[in-house]
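Comments concern the structure below.
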Amino acid sequence: MTKFPAFHSHSIPGGTRNSLLLLLGSYTWVSHRQHQRNPDDTTIPSWSQIGKGVAQIVGINKRSGERWLVVDAKATGTRYFLGLALGVASAVIIGMAMGCFAPVEAFLQPPLSFLAQIPPTAALAVFFVLVGTGQEMYVAMIAFGILPALAQTVYLAVKEFPEELLYKTYTLGASHMEVICSIILSQVLPRLLDALRLVIGPALVYLIAAEMVVGDVGFGYRIRLQSKLLNMSVVYPYLALLAAFGFTMNYLLCRLQCKLCPWYDPGRE
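The sequence shown begins at 255 in this note's numbering and counts up one residue at a time.
Below, the structure is given as structure tokens:
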């Protein structure tokens, strides 16, 4: 079978720009047609309406005396990174233990496979009962949502570790903990970063869904509130900010992977 060379993002610098221009042009055309039919339409706001919405987001609100963007970004960002940190730390510990110790693998593999099939958004009521509706609920929901996928990624990466390299390490006098922490963990790290890039979006979905249901501040709360008012000139900028955040996180993780694991080539995996 003929294999075609992989084209990386840095080889087509104009691709992203052209896609963005196409998206913006299509939105401008749809918005123009909608406002020809109804000049007061707010479901597909014009660029001038979006500009007013952005000013409303970044300006000081007369009622609360706060900037929506600041308070919402602080609340959502804190919940997101705490949940991500808890989920990653738990996944590394569980995945490494399952991959290195057969009894742990036999004990945790079945329940982990079962929990991976439960959508966190469907278990919202369970989180309400167990941890309440405060900060702990958002953190627990994100951690629960990403833990099975990350733990299984770490577990499989450990199982794929070459036995020849393992024997050589023991021959050189390394202890069990030295092998796990210094050798195996370094081999698992790039796969973990790949998996982490894939859960950026789902983790945001879990958080925004929870904020839309019970939040009193945050991106999900603001989107729900403004959607009820059909104030889409505020909703669309919030969605654009979420997309920009996800794109930035993905880019930073790619750069981190290149810096920490220069030997790793995902194309050969």
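Backbone N, C-alpha and C fix where the C-beta goes; we use that ideal spot for every residue, glycine too.
Distance, Cα to Cα, G386 vs I454?
Each residue's Cα considered, the two are about 24 Å apart.
Specify the secondary structure class of R445 as computed by DSSP and reduced to three states.
Reduced to three states, the DSSP call for R445 is helix.
Roughly how many angstroms separate the alpha carbons of M352 and F361, rounded to a whole number?
Rounded to whole angstroms, M352 to F361 spans 9 Å at the Cα level.
So, I311 versus L323, is the Cβ gap smaller than 8 Å?
I311 is a Cβ neighbour of L323, given a cutoff of 8 Å.
To which residues does DSSP link R321 through a beta bridge?
For R321, the pairing in a beta bridge is given by DSSP as I314.
Would you check if there are 3 or more beta carbon pairs closer than 8 Å linking the region 336-352 to the region 397-413?
Using a Cβ-Cβ distance cut-off of 8 Å, the region 336-352 and the region 397-413 are in contact, since at least three pairs of beta carbons, one from each stretch, lie closer than that value.
Secondary structure of C515, DSSP reduced to three states
Coil at C515, not helix or strand.
Could you tell me if L274 is buried or exposed, where buried requires 16 or more neighbouring beta carbons within 10 angstroms of its beta carbon?
Exposed: under 16 other Cβ atoms inside 10 Å.
Near Q303, which residues of its chain fall below 6 Å by C-beta distance, leaving aside the five closest residues on each side in sequence?
Closer than 6 Å at the Cβ level, and outside the excluded window around Q303, lie S487.
Enumerate, from N- to C-terminal direction, the unbroken beta strand (DSSP E) stretches of 3 or more residues contained entirely within the region 405-449.
Unbroken beta strand (DSSP E) stretches of 3 residues or longer found wholly inside the region 405-449: none.
Go through its chain and collect everything with a Cβ distance to Y460's Cβ below 7 Å, but skip five positions before and after it.
Cβ within range, chain order: P374, T375, M395, I396, G399.
With distance defined between alpha-carbon atoms, name the residue in L336, H289, P516 nearest to E390.
Checked all of L336, H289, P516; the closest Cα to E390 is L336.
Mapping the DSSP letters down to three states, classify D294 as helix, strand or coil.
In the structure shown, D294 sits in coil (DSSP, three-state: anything other than H, G, I, E or B).
Between the alpha carbons of Y490 and W517, how many angstroms are there, rounded?
A direct Cα-to-Cα measurement between Y490 and W517 gives close to 40 Å.
Quick check on T407: buried or exposed, where buried means 16 or more other Cβ atoms within 10 Å of its Cβ?
It is buried - the Cβ of T407 has at least 16 other Cβ atoms within 10 Å.
Considering F368, what are the terminal residues of the alpha helix (DSSP H) in which it resides?
Residues 356-369.
If you draw a straight line from the alpha carbon of D295 to that of A327, how long is it in whole angstroms?
A direct Cα-to-Cα measurement between D295 and A327 gives close to 28 Å.
Under the three-state DSSP convention, the category D470 falls into:
Coil at D470, not helix or strand.
Three-way DSSP call (helix, strand, coil) for I462 in this model
Taken through DSSP and simplified to helix, strand or coil, I462 comes out as helix.
Touching or not, the region 439-458 and the region 499-518, by the rule of three or more beta carbon pairs under 8 Å?
The region 439-458 vs the region 499-518: in contact.
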